[in-house]
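Trainee:
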DNA sequence: TACCAACAAAATGTATCCATTATGGTTTTA
DNA sequence: TAAAACCATAATGGATACATTTTGTTGGTA
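Protein chains in written order, with this note's numbering: chain X, 1 to 223; chain F, 224 to 446.
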């Protein structure tokens, strides 16, 4: 018997729209018409409507009370606050992790950071998440880890192309190295401080860039 | 023209099921059949399916890959971790709030705690949330505030009847009073410590109760 | 008794149809 | 000219019908 190629329509539609929002194919504010999507995927509107509800729950789509759905926008303020939340939780996870880290955890982190040093630009975001994930695994806090994963995936991923052009790669790599060293030396306080700086520094820089870009876009739009 | 009495079916069905899950009318693990719900609310299955998707996004309902939907269960471990997360975020919010608090904020908090002292048991949970909300408002972190609200509503609310019978009310009230005093004295460190204890102490107690209750239930179920 | 196959009943997944509501453009009017 | 009213178009919300999948039961066999 051949494998099960046909997936439920809701699932494949949801996944595809999600991917298109995350990679920027469907940009901020874009209207998502049920009929258009339905004809695009050659399905009826029923699964499309459910898919939009699911994506609305993930805050990737906004459904107004008129029923119209659009891709949500990212404000610099909410971006900054998400970074703050990220920093808060990640620092706590790191603090819990360090005392429980083994040499193999350290080695794994170093290995990922080496991959980061020579990876293609598109590979950065998932690998970078992996790096952080490895550091927090010993803490054994699946829920917090999940919140972090969500923040990365639902939020950072959408800024991917943006981050690509504004990231200070050598600096990030240096900071990763420093972070690993401090973990190895069981310097909890130092490691936590380094991590918080690592996250918030790039956050402020990105938020500034976001602000000026959105300003520019609004100006060109009003021409 | 008379007011708009008819709401969209998806919304009213979602709200009603959510309320029934939160107040225990629909208990943990209960199967939620689309046809049953549809006939209960006198609507077709279409809005019911969307409602279930929404509630699944809120983690109140689980939809297995067979399509069957059930009310999610609360494990003591995930409960404890949610409390940890709550404590982490609330402590940060309090830390940010205290320097920005005015006398009217303190007064408001005292007022709510006075209401708590003489309120009916069912009023405790929302009033208690309000008390905490007032304390964190000056921090001006809408996203974090929202995460906290979610944790309270989606999680604590479901334990309402349980909390009712196991809460140490006088102790909570005393701790609230102490918390307010420390805020008024701008004792950030002391207030944060008091808050963390306040949250985690009751968390551990409740988790223990939860564990033994679920154990008891499993034993009676296997008779 | 235990196990398996086949079938029946019930539940979910999707498509289509109709009703209602929102949107955009045109015409009318002040 | 500007604003309001109106109408045609298009989109969404919900109901129904049908297809598919899951589940439970029955009956037969080792």
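For glycine and all other residues, C-beta sits at the position ideal for the given N, C-alpha and C.
Leaving out the 5 sequence neighbours to the left and right, which residues in its chain are closer than 7 Å to residue 207 of chain X when beta-carbon positions are compared?
Mentor: The count along the first chain starts at 1 and reaches residue 207 of chain X at position 207. Cβ within range, chain order: 76, 79 and 80.
Trainee: How many angstroms separate the CA atom of residue 383 of chain F from the CA atom of residue 425 of chain F?
Mentor: Taking the first residue of the second chain as position 1, residue 383 of chain F is located at position 160. Taking the first residue of the second chain as position 1, residue 425 of chain F is located at position 202. Roughly 13 Å separates the two Cα atoms.
Trainee: Please decide whether residue 53 of chain X counts as near chain F, where near means a Cβ-Cβ distance under 8 Å.
Mentor: Taking the first chain and counting its residues from 1, the one referred to as residue 53 of chain X is at position 53. Answer yes: the Cβ-Cβ gap between residue 53 of chain X and chain F drops below 8 Å somewhere.
Trainee: Note down the Cα distance separating residue 319 of chain F from residue 366 of chain F, rounded to an integer number of angstroms.
Mentor: In the second chain, the residue the question calls residue 319 of chain F occupies position 96. In the second chain, the residue the question calls residue 366 of chain F occupies position 143. Going from the Cα of residue 319 of chain F to the Cα of residue 366 of chain F covers about 14 Å.
Trainee: Can you name the residues of chain F whose CB is closer than 8 Å to the CB of residue 85 of chain X?
Mentor: Numbered from 1 along the first chain, position 85 holds the residue referred to as residue 85 of chain X. Neighbours of residue 85 of chain X on chain F, chain order: 312, 366, 367 and 370.
Trainee: Does any residue of chain X bring its CB to less than 8 Å from the CB of residue 280 of chain F?
Mentor: For this step, residue 280 of chain F is matched to residue 57 along the second chain. Yes, because at least one Cβ of chain X sits closer than 8 Å to the Cβ of residue 280 of chain F.
Trainee: Given a threshold of 16 other Cβ atoms within 10 Å of its Cβ, counted over all protein chains shown, does residue 236 of chain F qualify as buried or as exposed?
Mentor: Position 13 of the second chain, counting from 1, holds the residue named residue 236 of chain F. If you draw a 10 Å sphere on the C-beta of residue 236 of chain F, you find 16 or more other C-beta atoms in it, and that means buried.
Trainee: For the alpha helix (DSSP H) containing residue 304 of chain F, name the first residue and the last one.
Mentor: In the second chain, counting from the first residue as 1, residue 304 of chain F sits at position 81. It spans 299 to 320 - the alpha helix (DSSP H) in which residue 304 of chain F sits, taken as one unbroken run.
Trainee: Along the chain, which unbroken stretches of the beta strand (DSSP E) at least 3 residues long are found entirely within the region 380 to 435 of chain F?
Mentor: none
Trainee: In chain order, what residues of the region 293 to 305 of chain F put their CB closer than 7 Å to some CB of chain X?
Mentor: 301, 304 and 305
Trainee: If you compare alpha carbons, which of X/176, X/31 and X/85 is closest to residue 70 of chain X?
Mentor: Position 70 of the first chain holds residue 70 of chain X. Closest option to residue 70 of chain X, Cα to Cα, is X/31.
Trainee: Name the chain X residues whose beta carbon is nearer than 7 Å to that of residue 272 of chain F?
Mentor: Walking along the second chain from the start, residue 272 of chain F turns up at place 49. Those within 7 Å of residue 272 of chain F in chain X are 50.
Trainee: Please state if the CB of residue 252 of chain F and the CB of residue 289 of chain F are separated by a distance shorter than 8 Å.
Mentor: Residue 289 of chain F sits at position 66 when you count from the first residue of the second chain. Residue 252 of chain F sits at position 29 when you count from the first residue of the second chain. Their beta carbons are not under 8 Å apart, which means residue 289 of chain F does not touch residue 252 of chain F by this criterion.
Trainee: Are the C-beta atoms of residue 92 of chain X and some chain F residue less than 8 Å apart?
Mentor: Start at 1 with the first residue of the first chain, and residue 92 of chain X comes out as number 92. Closer than 8 Å to some Cβ of chain F, the Cβ of residue 92 of chain X qualifies, so yes.
Trainee: List the residues that DSSP assigns as beta-bridge partners of residue 66 of chain X.
Mentor: Here the question's residue 66 of chain X lines up with position 66 in the first chain. In the DSSP output, where bridge partners are listed per residue, residue 66 of chain X has none listed.
Trainee: Closest to residue 243 of chain F by C-alpha separation, out of F/231, F/260, F/232 and F/230, would be which residue?
Mentor: Here the question's residue 243 of chain F lines up with position 20 in the second chain. Checked all of F/231, F/260, F/232 and F/230; the closest Cα to residue 243 of chain F is F/260.
Trainee: Apart from the five residues just before and just after residue 224 of chain F, which ones in its own chain have a Cβ nearer than 6 Å to its Cβ?
Mentor: Position 1 of the second chain holds residue 224 of chain F. For residue 224 of chain F, the predicted structure reports a pLDDT of 34, less than 50, and the residue's modelled location is therefore unreliable. A value from the coordinates is still provided. Around residue 224 of chain F: no qualifying Cβ.
Trainee: On the DSSP bridge assignment, give the partners of residue 107 of chain X in chain order.
Mentor: Along the first chain, one-based indexing puts residue 107 of chain X at 107. Beta-bridge analysis with DSSP links residue 107 of chain X to no other residue.
Trainee: Assign residue 323 of chain F to one of two classes, buried (16 or more other C-beta atoms within 10 Å of its C-beta) or exposed (fewer than that).
Mentor: On the second chain, residue 323 of chain F is found 100 positions in, with the first residue counted as 1. Label assigned to residue 323 of chain F: exposed.
Trainee: For the 8 Å Cβ check, are there 3 or more pairs between the region 343 to 351 of chain F and the region 276 to 290 of chain F?
Mentor: Contact between the region 343 to 351 of chain F and the region 276 to 290 of chain F is not established, with fewer than three Cβ pairs separated by less than 8 Å.
Trainee: Once you ignore the five residues that flank residue 86 of chain X on each side, which residues in its own chain have a CB closer than 7 Å to its CB?
Mentor: Taking the first chain and counting its residues from 1, the one referred to as residue 86 of chain X is at position 86. Only 148, 151 and 199 meet the Cβ criterion.
Trainee: Find out if the Cβ-Cβ distance for the pair residue 386 of chain F, residue 357 of chain F is shorter than 8 Å.
Mentor: The count along the second chain starts at 1 and reaches residue 386 of chain F at position 163. The count along the second chain starts at 1 and reaches residue 357 of chain F at position 134. No, the Cβ-Cβ distance between residue 386 of chain F and residue 357 of chain F is not below 8 Å.
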